[in-house]
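A short worksheet on the structure shown next.
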Amino acid sequence: MTLRADVAELLAAVGIIGVDVDDAVADEHVRWSAYRRIVSVIASSPSGDRDRAIVATILRDPVEMVAKSAVVALVDEIAMRTAGPAEFREWASGLLPEIDGLEGEGHREFIRRRIRDWLFHLSVQDGHVPTTAELAEVTDWMQRTLAEGSRSPAVLALLAESGRRKKTRNVAANRARSRELRPR
1 MTLRADVAEL LAAVGIIGVD VDDAVADEHV RWSAYRRIVS VIASSPSGDR DRAIVATILR
61 DPVEMVAKSA VVALVDEIAM RTAGPAEFRE WASGLLPEID GLEGEGHREF IRRRIRDWLF
121 HLSVQDGHVP TTAELAEVTD WMQRTLAEGS RSPAVLALLA ESGRRKKTRN VAANRARSRE
181 LRPR
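Oh and the sequence shown: position 163 is 163 in our numbering, straight run, nothing missing.
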């Protein structure tokens with residue numbers, strides 16, 4: 001298929017109108033915006049049946065950075081809407097064969113790492129208190145995300161002590177001392 005056919009098919013599949021397909025083909029910024037809208041629609045769908053096919057189509061984009069960014073946006077949105085780590089792991093496992101088709105190893109690894117980060121985050125939300133070694137395995141981005149959003153005093157204490165970056169440690173320490181986490 002051609003890029004034009006892929007973009008037109010994706011837009012039609014999710015019911016998005018008002019995007020000039022020729023503009024999207026000619027300009028990667030317009031195309032990224034279209035992909036972002038597509039991702040938003042499919043992430044809010046209760047069924048993930050089409051996700052693998054849509055990701056496969058997006059990953060055929062000739063600009064791998066655009067494709068990778070769109071897939072990462074989908075991973076982020078699905079993770080934020082998922083009930084727990086098992087459900088997310090199952091969803092993500094369906095995408096891994098498609099992700100492996102990316103030529104750039106750095107892009108493949110970035111997406112895999114983002115999936116691992118979200119699995120970690122979801123397990124922490126489920127009540128798992130990670131070890132220092134487990135915390136060291138996630139990215140700075142995920143450590144900061146947890147420092148800014150976790151409501152677990154134990155997780156915040158661990159981040160305050162063992163977070164990789166000073167900013168992460170400070171955010172976690174300040175939030176751990178905050179009144180919003182203290183029992184009433």
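Heads up, the beta-carbon is just placed ideally off N, CA and C, and yes, glycines get one too.
- The three-state reading of DSSP puts D20 in coil, since its state is none of H, G, I, E or B.
- Selection K167, G18 and D76 evaluated against V39 yields D76 as nearest (Cα-Cα).
- Its chain contains D117 and F120 as the residues whose beta carbon lies nearer than 6 Å to that of V138, once the 5 sequence neighbours on both sides are disregarded; these appear in chain order.
- Under the three-state reduction of DSSP output, M80 falls in the helix class.
- Non-local beta-carbon contacts of A56 in its own chain, meaning distances under 6 Å to residues more than five positions away in sequence, involve E98 in chain order.
- According to the DSSP assignment, P153 belongs to the alpha helix (DSSP H) that extends over P153 to S162.
- With a beta-carbon spacing of about 16 Å, V66 and R114 fall beyond the 8 Å limit used to define contacts.
- Excluding its 5 nearest sequence neighbours in each direction, G101 has C-beta neighbours in its own chain below 7 Å: L59, listed in chain order.
- Judged by DSSP in its simplified three-state form, L74 adopts helix.
- Separation of the CB atoms of V171 and A136 is rounded to 18 Å, and the pair is thereby denied contact status at 8 Å.
- By the neighbour-count definition (other C-beta atoms within 10 Å, threshold 16), P130 is a buried residue.
- Contact annotation, A70 with R36: C-beta distance approximately 7 Å; criterion of less than 8 Å satisfied.
- In the three-state DSSP reduction, T168 falls in the helix class (H, G or I).
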